[in-house]
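Here the structure comes first, spelled out in C-alpha coordinates, and everything after it is commentary.
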Amino acid sequence: MSFGERIKYRRGELKLSRADLAERLGISSSAVSNYENGVSFPKEDIMLRLFDSLETEPNILFQDSYRGGGQVMSGPEQALLRQYRGLSPMGRESVRSVVEALCSYRDELEAAQPEQREPRVIPLYRTPAAAGYASPVFGEDFDYISVTDEVPQAAEFAVRISGDSMVPFIADGSVVYVNRDPLRAGDVGIFCVDGDMFCKQYYKDPAGIVYLFSLNRRRADADVILTPSGSRSLVCFGRVIMHALPLPGKG
512 MSFGERIKYR
522 RGELKLSRAD
532 LAERLGISSS
542 AVSNYENGVS
552 FPKEDIMLRL
562 FDSLETEPNI
572 LFQDSYRGGG
582 QVMSGPEQAL
592 LRQYRGLSPM
602 GRESVRSVVE
612 ALCSYRDELE
622 AAQPEQREPR
632 VIPLYRTPAA
642 AGYASPVFGE
652 DFDYISVTDE
662 VPQAAEFAVR
672 ISGDSMVPFI
682 ADGSVVYVNR
692 DPLRAGDVGI
702 FCVDGDMFCK
712 QYYKDPAGIV
722 YLFSLNRRRA
732 DADVILTPSG
742 SRSLVCFGRV
752 IMHALPLPGK
762 G
(Lines of atoms letter the chains of each structure in order from A and count residues from 1; the text may use other names and numbers.)
(Lines give C-alpha, C1' and ligand atoms only; values in the text may rest on other atoms or scores of the structure.)
Protein backbone atom coordinates (compact mmCIF):
# COMPACT_ATOMS: atom_id res chain seq x y z
CA MET A 1 0.00 0.00 0.00
CA SER A 2 1.02 3.58 -0.60
CA PHE A 3 1.39 6.20 2.11
CA GLY A 4 -2.06 7.58 1.32
CA GLU A 5 -3.63 4.13 1.36
CA ARG A 6 -2.03 3.50 4.77
CA ILE A 7 -3.69 6.69 6.07
CA LYS A 8 -7.06 5.55 4.76
CA TYR A 9 -6.60 2.02 6.14
CA ARG A 10 -5.61 3.25 9.59
CA ARG A 11 -8.48 5.77 9.59
CA GLY A 12 -10.84 2.88 8.91
CA GLU A 13 -9.36 0.86 11.79
CA LEU A 14 -10.12 3.77 14.12
CA LYS A 15 -13.59 4.15 12.57
CA LEU A 16 -12.91 7.78 11.70
CA SER A 17 -14.53 9.58 8.80
CA ARG A 18 -12.53 11.97 6.66
CA ALA A 19 -14.28 14.80 8.42
CA ASP A 20 -13.30 13.38 11.81
CA LEU A 21 -9.64 13.13 10.80
CA ALA A 22 -9.73 16.57 9.19
CA GLU A 23 -11.08 18.05 12.43
CA ARG A 24 -8.26 16.41 14.43
CA LEU A 25 -5.69 17.78 11.98
CA GLY A 26 -7.26 21.22 11.68
CA ILE A 27 -7.57 20.97 7.90
CA SER A 28 -10.34 20.43 5.36
CA SER A 29 -11.82 17.07 4.42
CA SER A 30 -10.70 17.64 0.83
CA ALA A 31 -7.09 17.94 2.04
CA VAL A 32 -7.43 14.56 3.76
CA SER A 33 -8.86 13.15 0.52
CA ASN A 34 -5.86 14.51 -1.41
CA TYR A 35 -3.44 12.82 1.04
CA GLU A 36 -5.22 9.48 0.74
CA ASN A 37 -5.35 9.63 -3.06
CA GLY A 38 -1.73 10.71 -3.44
CA VAL A 39 -2.59 14.09 -4.89
CA SER A 40 -0.65 15.98 -2.22
CA PHE A 41 1.56 15.29 0.77
CA PRO A 42 1.13 16.70 4.28
CA LYS A 43 3.51 19.37 5.49
CA GLU A 44 5.78 18.69 8.45
CA ASP A 45 3.55 20.18 11.15
CA ILE A 46 0.49 18.36 9.82
CA MET A 47 2.52 15.14 9.46
CA LEU A 48 3.36 15.20 13.17
CA ARG A 49 -0.33 15.74 14.05
CA LEU A 50 -1.25 12.95 11.65
CA PHE A 51 0.81 10.37 13.59
CA ASP A 52 -0.91 11.41 16.83
CA SER A 53 -4.38 11.57 15.29
CA LEU A 54 -4.04 8.11 13.77
CA GLU A 55 -2.36 6.78 16.94
CA THR A 56 0.45 5.33 14.87
CA GLU A 57 4.10 5.91 14.00
CA PRO A 58 6.10 6.71 10.83
CA ASN A 59 7.30 3.12 10.39
CA ILE A 60 3.73 1.94 9.86
CA LEU A 61 2.61 4.62 7.42
CA PHE A 62 5.89 4.57 5.44
CA GLN A 63 6.61 0.84 5.59
CA ASP A 64 5.90 0.33 1.88
CA SER A 65 8.03 3.31 0.87
CA TYR A 66 11.39 1.95 2.05
CA ARG A 67 13.02 -1.23 3.25
CA GLY A 68 13.13 -0.68 6.94
CA GLY A 69 14.05 -4.25 7.93
CA GLY A 70 13.64 -4.62 11.65
CA GLN A 71 12.30 -1.06 11.93
CA VAL A 72 8.93 -2.02 10.44
CA MET A 73 6.47 -3.68 12.79
CA SER A 74 5.06 -7.00 11.71
CA GLY A 75 1.33 -7.78 11.77
CA PRO A 76 1.51 -9.48 15.21
CA GLU A 77 3.52 -6.55 16.58
CA GLN A 78 0.92 -4.08 15.34
CA ALA A 79 -1.84 -6.22 16.90
CA LEU A 80 -0.03 -6.18 20.24
CA LEU A 81 0.35 -2.41 20.02
CA ARG A 82 -3.36 -1.98 19.34
CA GLN A 83 -4.21 -4.26 22.27
CA TYR A 84 -1.86 -2.33 24.51
CA ARG A 85 -3.46 0.97 23.56
CA GLY A 86 -6.87 -0.49 24.37
CA LEU A 87 -5.88 -1.20 27.96
CA SER A 88 -6.63 1.00 30.95
CA PRO A 89 -3.77 3.07 32.43
CA MET A 90 -3.34 0.44 35.13
CA GLY A 91 -3.25 -2.32 32.50
CA ARG A 92 -0.61 -0.47 30.47
CA GLU A 93 1.50 -0.02 33.59
CA SER A 94 1.29 -3.76 34.29
CA VAL A 95 2.42 -4.55 30.73
CA ARG A 96 5.35 -2.13 31.04
CA SER A 97 6.41 -3.71 34.33
CA VAL A 98 6.38 -7.20 32.84
CA VAL A 99 8.32 -6.10 29.74
CA GLU A 100 10.91 -4.27 31.83
CA ALA A 101 11.39 -7.34 34.06
CA LEU A 102 11.83 -9.61 31.03
CA CYS A 103 14.31 -7.22 29.42
CA SER A 104 16.27 -6.95 32.66
CA TYR A 105 16.43 -10.75 32.92
CA ARG A 106 17.61 -10.96 29.30
CA ASP A 107 20.35 -8.39 29.93
CA GLU A 108 21.54 -10.29 33.01
CA LEU A 109 21.78 -13.52 31.03
CA GLU A 110 23.73 -11.82 28.24
CA ALA A 111 26.10 -10.16 30.72
CA ALA A 112 26.76 -13.49 32.43
CA GLN A 113 27.76 -15.18 29.19
CA PRO A 114 31.43 -14.81 28.21
CA GLU A 115 32.07 -12.95 25.02
CA GLN A 116 32.44 -15.38 22.16
CA ARG A 117 35.44 -14.60 19.99
CA GLU A 118 36.89 -16.38 17.06
CA PRO A 119 39.97 -18.24 18.32
CA ARG A 120 43.28 -16.92 17.01
CA VAL A 121 45.24 -19.48 15.04
CA ILE A 122 48.95 -19.83 14.29
CA PRO A 123 50.83 -22.16 11.91
CA LEU A 124 52.43 -25.30 13.34
CA TYR A 125 55.21 -26.36 10.98
CA ARG A 126 55.34 -30.09 10.41
CA THR A 127 58.92 -30.00 9.12
CA PRO A 128 60.92 -29.89 12.35
CA ALA A 129 63.70 -27.53 13.25
CA ALA A 130 66.61 -29.79 13.98
CA ALA A 131 67.75 -29.87 17.59
CA GLY A 132 71.23 -31.00 16.71
CA TYR A 133 70.48 -32.30 13.24
CA ALA A 134 69.83 -30.42 10.01
CA SER A 135 66.42 -30.45 8.35
CA PRO A 136 64.79 -28.57 5.45
CA VAL A 137 63.91 -24.89 5.61
CA PHE A 138 60.29 -23.90 6.32
CA GLY A 139 57.93 -24.48 3.45
CA GLU A 140 54.17 -24.74 3.13
CA ASP A 141 54.15 -27.86 5.32
CA PHE A 142 52.11 -26.59 8.26
CA ASP A 143 48.78 -26.96 9.99
CA TYR A 144 46.87 -24.26 11.84
CA ILE A 145 46.38 -24.61 15.59
CA SER A 146 44.20 -22.51 17.89
CA VAL A 147 45.83 -20.28 20.49
CA THR A 148 44.25 -21.70 23.66
CA ASP A 149 45.20 -21.35 27.31
CA GLU A 150 47.98 -23.89 26.74
CA VAL A 151 49.53 -21.77 23.98
CA PRO A 152 51.34 -18.50 24.85
CA GLN A 153 49.32 -15.52 23.64
CA ALA A 154 52.49 -13.96 22.17
CA ALA A 155 53.17 -16.96 19.91
CA GLU A 156 53.26 -16.21 16.18
CA PHE A 157 54.01 -19.73 14.98
CA ALA A 158 54.98 -23.14 16.35
CA VAL A 159 57.61 -25.71 15.34
CA ARG A 160 57.90 -29.40 16.13
CA ILE A 161 61.43 -30.22 17.31
CA SER A 162 63.48 -33.20 16.19
CA GLY A 163 66.56 -34.40 18.07
CA ASP A 164 67.91 -34.58 21.61
CA SER A 165 70.42 -31.73 21.76
CA MET A 166 68.00 -29.46 23.67
CA VAL A 167 66.85 -31.93 26.34
CA PRO A 168 65.83 -31.76 29.12
CA PHE A 169 64.47 -28.28 28.34
CA ILE A 170 63.03 -29.20 24.93
CA ALA A 171 62.24 -32.87 24.36
CA ASP A 172 62.57 -34.68 21.05
CA GLY A 173 59.23 -34.44 19.22
CA SER A 174 57.86 -31.61 21.36
CA VAL A 175 56.33 -28.38 20.04
CA VAL A 176 57.89 -24.98 20.76
CA TYR A 177 56.11 -21.65 20.35
CA VAL A 178 57.92 -18.82 18.64
CA ASN A 179 57.58 -15.07 18.22
CA ARG A 180 59.68 -12.52 16.39
CA ASP A 181 60.99 -10.55 19.35
CA PRO A 182 64.67 -9.53 19.07
CA LEU A 183 67.07 -12.15 20.41
CA ARG A 184 69.22 -11.48 23.45
CA ALA A 185 72.11 -13.51 24.78
CA GLY A 186 70.77 -16.71 26.30
CA ASP A 187 67.55 -16.81 24.26
CA VAL A 188 66.63 -19.96 22.35
CA GLY A 189 65.76 -19.37 18.73
CA ILE A 190 64.94 -21.04 15.44
CA PHE A 191 67.82 -20.51 13.02
CA CYS A 192 68.65 -21.26 9.42
CA VAL A 193 72.35 -21.86 8.79
CA ASP A 194 73.33 -22.40 5.16
CA GLY A 195 69.81 -23.62 4.40
CA ASP A 196 69.53 -26.01 7.37
CA MET A 197 67.23 -25.42 10.34
CA PHE A 198 68.32 -25.52 13.98
CA CYS A 199 66.79 -24.89 17.40
CA LYS A 200 69.64 -23.54 19.56
CA GLN A 201 70.54 -21.16 22.36
CA TYR A 202 71.98 -17.90 21.03
CA TYR A 203 75.09 -16.01 22.16
CA LYS A 204 77.25 -13.41 20.40
CA ASP A 205 80.57 -12.40 21.94
CA PRO A 206 82.26 -8.96 21.71
CA ALA A 207 84.38 -10.16 18.80
CA GLY A 208 81.22 -10.81 16.75
CA ILE A 209 81.41 -14.61 16.90
CA VAL A 210 77.94 -16.18 17.05
CA TYR A 211 77.48 -19.35 19.09
CA LEU A 212 74.41 -21.55 18.71
CA PHE A 213 74.58 -23.83 21.73
CA SER A 214 72.97 -27.18 22.45
CA LEU A 215 71.35 -27.13 25.90
CA ASN A 216 72.18 -30.80 26.26
CA ARG A 217 75.94 -30.50 26.82
CA ARG A 218 76.37 -34.15 25.99
CA ARG A 219 75.56 -32.99 22.49
CA ALA A 220 78.13 -30.20 22.37
CA ASP A 221 79.15 -31.71 19.04
CA ALA A 222 75.95 -30.21 17.64
CA ASP A 223 76.91 -26.63 18.56
CA VAL A 224 77.17 -24.22 15.63
CA ILE A 225 79.83 -21.48 15.59
CA LEU A 226 79.89 -18.69 13.03
CA THR A 227 82.75 -16.20 12.72
CA PRO A 228 82.44 -12.70 11.25
CA SER A 229 84.97 -13.56 8.55
CA GLY A 230 83.28 -16.82 7.61
CA SER A 231 81.12 -17.38 4.54
CA ARG A 232 78.27 -19.21 6.26
CA SER A 233 74.82 -17.60 6.19
CA LEU A 234 72.67 -17.16 9.29
CA VAL A 235 68.98 -16.23 9.49
CA CYS A 236 66.96 -16.13 12.71
CA PHE A 237 63.28 -16.97 12.27
CA GLY A 238 62.26 -16.12 15.82
CA ARG A 239 62.67 -16.50 19.56
CA VAL A 240 61.37 -19.60 21.32
CA ILE A 241 59.07 -18.58 24.17
CA MET A 242 60.47 -20.11 27.36
CA HIS A 243 62.01 -19.16 30.70
CA ALA A 244 65.47 -17.60 30.75
CA LEU A 245 68.25 -20.19 30.73
CA PRO A 246 71.88 -20.06 31.85
CA LEU A 247 74.46 -19.92 29.10
CA PRO A 248 76.52 -23.08 28.77
CA GLY A 249 80.28 -22.67 28.81
CA LYS A 250 81.94 -22.09 25.50
CA GLY A 251 84.52 -24.65 24.55
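If you count the sequence shown from 1, you need to add 511 to reach the working numbering. Where a beta carbon is used, it is the ideal one built from N, C-alpha and C, also for glycine. These numbers come from a predicted model, not from an experiment.
Residue i, buried or exposed, once every other Cβ within 10 Å from all chains shown has been counted against 16
i, result
"C710", "buried"
"D652", "exposed"
Those residues which DSSP pairs with residue i across a bridge
i, result
"P634", "Y655"
"D660", "Partner(s): none; D660 has no beta bridge."
"Y520", "DSSP lists no partner for Y520."
Candidates the options, of which the one nearest residue i by Cα
i, options, result
"F573", "R517, A622, S544, S605", "R517"
"P630", "M601, E661, C703", "E661"
"T567", "D716, N690, R521, P634", "R521"
"G674", "E667, S540, A682", "A682"
"S513", "V678, Y546, S605", "Y546"
"Y698", "A669, Y722, S685", "Residue 698 is actually Asp in this sequence, not Tyr. Answer by Cα proximity: Y722."
"R560", "R603, G537, Q624", "G537"
DSSP three-state assignment for residue i, whether helix, strand or coil
i, result
"A731", "helix"
"D707", "strand"
"N690", "strand"
"Q712", "strand"
"A623", "helix"
"G719", "coil"
"S673", "strand"
"A696", "coil"
"A640", "strand"
"F724", "strand"
Enclosing beta strand (DSSP E) for residue i [first to last residue]
i, result
"F748", "745-751"
"S740", "Looking at the DSSP string, S740 is not in any beta strand (DSSP E), and its letter there is neither H nor E."
Heavy atom of the ligand NAP within 7 Å of residue i beta-carbon
i, result
"G537", "Summarising the ligand content, the structure contains no ligands, and the ligand NAP is consequently not present."
Residue range of the alpha helix (DSSP H) that includes residue i
i, result
"S513", "Run containing S513: none; DSSP gives neither H nor E here."
"N545", "540-547"
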